[in-house]
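Report on the following structure.
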Amino acid sequence: MYSFVKNIFLKSYFVQYRPFFIFLLKFFVTYGVLTFFYQLYLNSFDAARFETDGFTKFVATQTNDALLLFGQDAYTLPHPSQPSVKLFLNEKFIARVVEGCNAMSVMILFVAFVIAFKGKWKHTVLFVLAGILIIHVLNILRIALLAIALYHYPKYEHVLHGVIFPLFIYGVVFGLWVLWVQKFSLHARAS
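Take any residue in the sequence shown, note its place counting from 1, add 37, and you have its number in the working numbering.
This is the structure in structure tokens:
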């Protein structure tokens, strides 16, 4: 009798929360698959020879271009003893652009959420592409502004790098998620 009641209870519980469980399953599968392929990409570079992945180099180059556009004297160099790119501002070494700076993990998180929170395929693809582009551009601006801030206020590195600028990028991603759920997902159409 106990197992019968337990099975009925679990079945009704699963039925009641089925959309949530499906969301979680889609989110974690998408996140896992994208992370797996990104890790394969990263593993194709030789960290023992301090080889920086191409996307991180691309982000460092675009950050340098943004700094030049802002009228700053900036340049980048490959780091001789780490898989990263050194960023210089006004002839002063300011920061290392490492794999974690390229916002790829943020983009993967963004894509997994949008795919998990169902929408029409056309809207989903367009929103994912637009969101990735927005995240990328804002990340370049984030790194450039962080470099300028670190040049002028080096004693605030922990607060700038660890709090303010991550809050900025994650705040934008959260805003994009809210926009997706309220305006473009199938949930928004049903409400």
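Here a beta-carbon is modelled for each residue, glycine too, at the ideal position from N, C-alpha and C. Bear in mind the structure is a predicted one, so any value in this text is a computation, not a measurement.
Contact check between the stretch 160–179 and the stretch 110–127: fewer than three CB pairs, one atom from each, fall below 8 Å, which does not count as touching. Between Gly69 and Phe150, the alpha-carbon positions lie close to 12 Å from each other.
Remark: C-beta atoms of Val135 and Ile206 do not approach each other more closely than 8 Å. Less than 8 Å divides the Cβ of Lys63 from the Cβ of Ile152. In the DSSP assignment, Tyr193 falls outside any beta strand (DSSP E), carrying neither H nor E.
Looking at Leu204, Leu163, Ile185 and Val66, the one whose alpha-carbon comes closest to that of Ile131 is Ile185. In summary, Asn101 is buried, with 16 or more beta-carbon neighbours lying within 10 Å of its beta-carbon over all protein chains present.
By the neighbour-count criterion, in which a residue is buried when 16 or more other Cβ atoms sit within 10 angstroms of its Cβ, His189 is exposed.
In its chain, beyond the 5 residues on either side, Arg179 and Leu183 have a beta carbon closer than 6 Å to the beta carbon of Phe202. Around the beta carbon of Asn127, a 10 Å sphere encloses fewer than 16 other beta carbons of the protein chains shown; the residue is thus reported as exposed.
The shortest CA-to-CA distance from Gln109 to any of Phe125, Val148, Phe95 and Ser118 is the one to Phe125. Between Ser222 and Phe147, the C-beta spacing is not below 8 Å.
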